[in-house]
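Trainee: My questions all concern the structure below.
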Amino acid sequence: MRLLVVEDDLTIAEPLRTGLLREGFEVDLVDTGAGALAADACDLVLLDLGLPDLDGRVVCRQLRERSNVPIIVVTARGDEIDRVILLELGADDYVVKPFGFRELVARIRAVLRRAGGNEPQAQPDVQIEVGLLQIDPRTRNVSYDGRPVALTPKEHDLLVYLARDPDVVHTREQIIKDVWDENWWGSTKTLDVHIASLRKKLAPETIETVRGVGFRLVDSASSP
Ligand code: CA
-17 MRLLVVEDDL TIAEPLRTGL LREGFEVDLV DTGAGALAAD ACDLVLLDLG LPDLDGRVVC
43 RQLRERSNVP IIVVTARGDE IDRVILLELG ADDYVVKPFG FRELVARIRA VLRRAGGNEP
103 QAQPDVQIEV GLLQIDPRTR NVSYDGRPVA LTPKEHDLLV YLARDPDVVH TREQIIKDVW
163 DENWWGSTKT LDVHIASLRK KLAPETIETV RGVGFRLVDS ASSP
């Protein structure tokens, strides 16, 4: 597994590289946003937001626009970074400095695990159809009423999760646990943001809120 570490503070970057090498990762280290955008393909990006040349958020968004590579954002304590904005930029997780090395490695492994086998393994090649919604898990293409829909990786994962069991109510806790993981920021606001975005991109009635319980995907074409 090859990690790209984007960090301009060498007192952090060097020991981090040493530790990650010891954990068995290959590590490419760059100290600028431009370096991150010019780097070779990798399996995961650890991205410090406070970079000398470019706004880390811009780097994050550009990396995400180019690929589905998992991104863990590193922020400084006290940064007024809205977590929701990080999600919209396409980050998969984040850590706040100062972070423990063990915690970081656990997060890296969790994000890599999710990226490698996020979707349920049963029937991976079968096209999913619920009413006007069509998902091809092989190509990750999604269309609604014949119109292609562009989703972020997390929106896609959430939609596939709900669409594999249409009409079934999934609790917020279960969704967070299965689509993100238990440690995900401890807030379910993340989930609401993704649900709202999917409703906007598909149709508002596609995902139903079951008050006090959770959400379910419904066949909106056949609803009254
Ligand atoms: Ca920095």
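For what it's worth, the working numbering labels the leading residue of the sequence shown as -17, then goes sequentially. Just so it is clear, CB atoms sit at the ideal spot from N, CA and C, and this is done for glycine as well. Since the model is a prediction, treat every value here as computed from it, not as a measurement.
Just confirm the distance between the C-beta atoms of D75 and V93, as a whole number of angstroms; I'd bet it's less than 8 Å.
Mentor: Position 93 of the sequence shown holds residue 75. Position 111 of the sequence shown holds residue 93. Their Cβ separation, rounded to whole angstroms, is 5 Å, which keeps D75 and V93 in contact under 8 Å.
Trainee: Suppose you measure from the CA of F197 to the CA of V131; what does that come to, to the nearest Å?
Mentor: Numbered from 1 along the sequence shown, position 215 holds the residue referred to as residue 197. Numbered from 1 along the sequence shown, position 149 holds the residue referred to as residue 131. If I take the Cα positions, the gap works out to 20 Å.
Trainee: What does a CB cutoff of less than 7 Å around A21 pick up in its chain, not counting 5 residues either side in sequence?
Mentor: As a position in the sequence shown, residue 21 is number 39, starting the count at 1. Closer than 7 Å at the Cβ level, and outside the excluded window around A21, lie L(-14), D10, V12.
Trainee: Taking 6 Å as the line, does the beta carbon of D35 fall inside it for any heavy atom of ligand 1?
Mentor: Working through the sequence shown from its first residue, we reach residue 35 at position 53. No, Cβ of D35 sits at least 6 Å from all heavy atoms of ligand 1.
Trainee: For Q116, list the residues DSSP reports as bridge partners.
Mentor: Your numbering for residue 116 matches position 134 in the sequence shown. Beta-bridge pairing links Q116 to E111, S125.
Trainee: Taking contact to mean at least 3 C-beta pairs separated by less than 8 Å, is the stretch 71 to 87 in contact with the stretch 40 to 54?
Mentor: Yes, they touch.
Trainee: On the DSSP bridge assignment, give the partners of G32 in chain order.
Mentor: Taking the first residue of the sequence shown as position 1, residue 32 is located at position 50. For G32, which the question treats as bridged, DSSP gives the partners D37.
Trainee: Along the chain, where does the beta strand (DSSP E) containing A199 start, and where does it finish?
Mentor: As a first step, residue 199 must be located in the sequence shown, where it is residue number 217. The displayed chain sequence assigns Leu, not Ala, to residue 199. Element bounds for L199: 196 to 199.
Trainee: In whole angstroms, what is the alpha-carbon distance linking K136 and H176?
Mentor: By one-based count along the sequence shown, residue 136 stands at place 154. By one-based count along the sequence shown, residue 176 stands at place 194. The alpha-carbon atoms of K136 and H176 are separated by roughly 8 Å.
Trainee: Name the residue from M(-17), V77, V51, H152 whose alpha carbon lies nearest to the alpha carbon of D195.
Mentor: For the purposes of this step, residue 195 is identified with residue 213 of the sequence shown, where counting begins at 1. Inspection of the sequence shows that residue 195 is occupied by Val rather than by Asp. Residue H152 is the option with its Cα nearest to V195.
Trainee: Please state whether DSSP places R(-16) in a helix, a strand or coil.
Mentor: Residue mapping note: residue -16 aligns to position 2 of the sequence shown, counting from 1. It is a strand residue.
Trainee: Tell me whether A23 is buried or exposed, calling it buried when 16 or more other Cβ atoms sit within 10 Å of its Cβ.
Mentor: For the purposes of this step, residue 23 is taken as the residue at position 41 of the sequence shown. Exposed.
Trainee: Please indicate yes or no: does the CB of G38 lie closer than 6 Å to some heavy atom of ligand 1?
Mentor: For the purposes of this step, residue 38 is identified with residue 56 of the sequence shown, where counting begins at 1. Result no, Cβ not under 6 Å from ligand 1.
Trainee: Taking 6 Å as the cut-off, is the beta-carbon of D30 closer than that to any non-hydrogen atom of ligand 1?
Mentor: Position 48 of the sequence shown, counting from 1, holds the residue named residue 30. Yes.
Trainee: Of all the options L133, L184, G128, which has the alpha carbon lying nearest to the alpha carbon of N50?
Mentor: Taking the sequence shown and counting its residues from 1, the one referred to as residue 50 is at position 68. Of the candidates L133, L184, G128, the one whose C-alpha sits nearest the C-alpha of N50 is L133.
Trainee: Apart from the five residues on each side of it in sequence, which residues of its chain come closer than 7 Å, Cβ to Cβ, to S205?
Mentor: For the purposes of this step, residue 205 is taken as the residue at position 223 of the sequence shown. The pLDDT assigned to S205 is 47, lower than 50, so where the model puts this residue is not dependable, and the model offers no usable value.
Trainee: Between the C-alpha atoms of L115 and N123, what's the straight-line distance to the nearest angstrom?
Mentor: By one-based count along the sequence shown, residue 115 stands at place 133. By one-based count along the sequence shown, residue 123 stands at place 141. Rounded to the nearest angstrom, the two C-alpha atoms are 11 Å apart.
Trainee: Under the assumption that L173 contacts R154 (Cβ atoms under 8 Å), give the Cβ distance between them as a whole number of angstroms.
Mentor: By one-based count along the sequence shown, residue 173 stands at place 191. By one-based count along the sequence shown, residue 154 stands at place 172. L173 to R154, Cβ: 6 Å. Contact.
Trainee: List the whole-angstrom C-beta distance separating L199 from V112, where the pair is believed to meet the contact cut-off of C-beta under 8 Å.
Mentor: On the sequence shown, residue 199 is found 217 positions in, with the first residue counted as 1. On the sequence shown, residue 112 is found 130 positions in, with the first residue counted as 1. Confirmed, Cβ separation roughly 6 Å.
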